[in-house]
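Number 357 in my numbering belongs to position 124 of the sequence shown; there are no gaps in the numbering.
Here a beta-carbon is modelled for each residue, glycine too, at the ideal position from N, C-alpha and C.
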Amino acid sequence: MSLRRAVRPGLAGLLLLLWLLCGQSRAGAPRYDPLSRIQRPPVAGVAYVTAAGATGQIADGDQLRPGYSFSVIFRPHRAADFYHPLYAWNTALVLQVDKQGGGPASILSADVGLRHYLADMRPLAAHRAVFLGFGAGISHVEWEPRRGAAGAADNISFLAEVGLEWNLDPALVLVGKGQYRLYHRGGHDHSGWSLHAGAGFPLPF
């Protein structure tokens, strides 16, 4: 089996393992009612804006290529302002712009995702947690005339991520993650994996 064919089953097994670990962490965590609007503290929640460098490979690409991503992370307390059960679920809302690839194939995406933490990140003083996330976005892909004419297209893509958020102090967060994006449309496979490392600061509002 080639490395490329082994990546997807390997990622699926890793996501299943993390999902099981997530269930174990929930067993010992405080119970919150997703329908309740009064279990959150009265103070405002926190959101971070982050920037990350990345490296990865696209299925139709030729080699490892650098990339980047920018994200706004609404931690569970702040995410509940958009959809209040997210606080009970210990889940963040993430908005992301992600650019990967180059040369024969590239993909630029604007995503919306949910990031579930395996440690309690609801308190404002939360320190660090491993997370598991899923999302979807609108992607713009481009390809060079390696097999036919050059071109571009726009369509929906899906992503899964596994990583760590670590607050060195309330004003600085480090983020490291692995991401897999699924985009296979019109005979062009821009699916691929990437590794991201970056840092962020709280939004001032």
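Going by alpha carbons, who is nearest to residue 278 out of 328, 301, 364, 315? 315
Contact the segment 300 to 307 vs the segment 417 to 426: 3+ CB pairs below 8 angstroms: no
Using DSSP bridges, identify the partner residues of residue 343. 330, 371
Which residues mark the beginning and the end of the beta strand (DSSP E) in which residue 320 is found? No beta strand (DSSP E) contains residue 320, which is instead part of the alpha helix (DSSP H) from 318 to 321.
What is the rounded straight-line gap between the Cα of residue 301 and the Cα of residue 318? Rounded to the nearest angstrom, the gap between the Cα atoms of residue 301 and residue 318 is 31 angstroms.
Nearest-angstrom Cα distance between residue 373 and residue 344? 12 angstroms
Do residue 366 and residue 355 have their C-beta atoms within less than 8 angstroms of each other? no
Residue range of the beta strand (DSSP E) that residue 430 falls in? 425 to 435
What separation, rounded to the nearest whole angstrom, lies between the Cα atoms of residue 409 and residue 394? 10 angstroms
If you drop the 5 nearest sequence neighbours on each side, which residues of the same chain put their C-beta closer than 8 angstroms to that of residue 440? Absent from the structure is residue 440, since the part of the chain shown begins at 234 and ends at 438.
Where residue 427 and residue 273 are concerned, what is the direct C-alpha to C-alpha distance, given to the nearest angstrom? 35 angstroms
Candidates 280, 340, 298: closest to residue 406 by CA position: 280
Which parts of the segment 291 to 321 are runs of the alpha helix (DSSP H), unbroken and 4 residues or longer, counting only runs that do not cross its ends? 309 to 312, 318 to 321
Please report the distance separating the alpha-carbon of residue 291 from that of residue 377. 13 angstroms
Identify, in the order they occur along the chain, each residue of the same chain with its Cβ nearer than 6 angstroms to the Cβ of residue 350, setting aside the five sequence neighbours on each side. 323, 362, 364
Residues in the same chain with beta-carbon distance under 6 angstroms from residue 400, minus the five sequence neighbours each way, listed in chain order, please. Taken in chain order, the residues that qualify are 360, 406.
Could you check how far apart the C-beta atoms of residue 432 and residue 283 are, in whole angstroms? I think they sit under 8 angstroms. Sure, about 6 angstroms apart at Cβ, within 8 angstroms.
Residues in the same chain with beta-carbon distance under 6 angstroms from residue 294, minus the five sequence neighbours each way, listed in chain order, please. 334, 337, 338
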